[in-house]
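In my numbering, the protein residues as written are 3 to 90. Even for Gly, the Cβ is constructed at its ideal location relative to N, Cα and C.
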């Protein structure tokens, strides 16, 4: 499934551009379109490949569109929770 950031809202695209995102990584190309369609996803990729953005971008996009929508992100360690919080 081909995906690029142009499929996201203008506001989110501008924020991603400001953060230095140019094109999605392989894990993001696979996960984001499915997450935006409400599929459950189990993904695996090496450290530094954009996994946090792969699940975070769809969450942010949906929270902006759907009033009252919230997200709960669980991590196995405190250190990873801090990392996710800082990246999102």
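Sorted by chain position, which residues of the same chain lie with C-beta nearer than 7 Å to residue i's C-beta, five sequence neighbours on each side aside?
i	result
residue 20	none
Can you check whether the CB of residue j is closer than 8 Å to the CB of residue i?
i	j	result
residue 30	residue 56	yes
residue 82	residue 63	no
residue 26	residue 40	no
residue 22	residue 33	no
residue 66	residue 11	yes
residue 79	residue 86	no
Under 6 Å Cβ to Cβ from residue i, same chain only, skipping five residues before and after it: list those, please.
i	result
residue 61	73
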